[in-house]
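First residue of the sequence shown: 1110, per my numbering; consecutive thereafter.
What follows is a single structure, written as structure tokens, with notes after it.
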Amino acid sequence: MNDEVSRPTRVALEIRKTLSEILHRDTKDPRLEKVNITECKISKDLSIATVYFTIIGANEDDPAAQDAIKALEKAKGFFRSEIGKRMKLRITPEIRFFYDTVAENASHIEELIFKALHQNKK
């Protein structure tokens, strides 16, 4: 069994790290101040990077999250250009942003379990 991490996985991890650095050091848009990159997945041919993010202190429906999505979409070209310069990839992937709802969903499931457990005790 091969213990080495695949190239797409390594590239995705590096994109996540690089994009986080760009967001926190090089962007001036206040709508992006609380954006946290949670995960990056990349296609096998390295042409598409799917980037998941959250907003500190917000959920997907908050206006801050909607503003951040607009700002990320507007800055896509800048991010792609910077990733291309910094990572020196033969092909710089197209970036697609999605709000990461995993934490919200987990919290909701925990709440449902808690309610179910306490209903059974009555």
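We put the CB at the ideal spot given by N, CA and C, even for glycine.
Here the structure is a predicted model, which means the values were calculated and not measured.
Within the chosen definition, does the stretch 1141 to 1151 reach the stretch 1161 to 1173 through at least 3 CB pairs nearer than 8 angstroms?
A contact exists between the stretch 1141 to 1151 and the stretch 1161 to 1173.
Within a Cβ cutoff of 6 angstroms, which residues of the same chain sit near residue 1181, ignoring the five residues on either side of it in sequence?
Along the sequence shown, read from residue 1 onward, the residue named residue 1181 stands at position 72. Only 1206 meet the Cβ criterion.
Kindly list the residues whose CB is nearer than 6 angstroms to the CB of residue 1138, restricted to its own chain and excluding five residues on each side of it in sequence; keep chain order.
The count along the sequence shown starts at 1 and reaches residue 1138 at position 29. So the list reads 1180, once near-sequence residues are dropped.
What are the boundary residues of the alpha helix (DSSP H) that residue 1121 is part of?
Residue 1121 sits at position 12 when you count from the first residue of the sequence shown. Where residue 1121 is concerned, the enclosing alpha helix (DSSP H) stretches over 1116 to 1134.
Alpha carbons only, please: which of 1192, 1114, 1219 and 1134 is nearest the one belonging to residue 1125?
Along the sequence shown, read from residue 1 onward, the residue named residue 1125 stands at position 16. For the residues 1192, 1114, 1219 and 1134, the minimum Cα distance to residue 1125 belongs to 1192.
Residues in the same chain with beta-carbon distance under 7 angstroms from residue 1177, minus the five sequence neighbours each way, listed in chain order, please.
Counting from one through the sequence shown, the residue named residue 1177 turns up at place 68. Excluding positions up to five away in sequence, the list reads 1140, 1141, 1144 and 1164.
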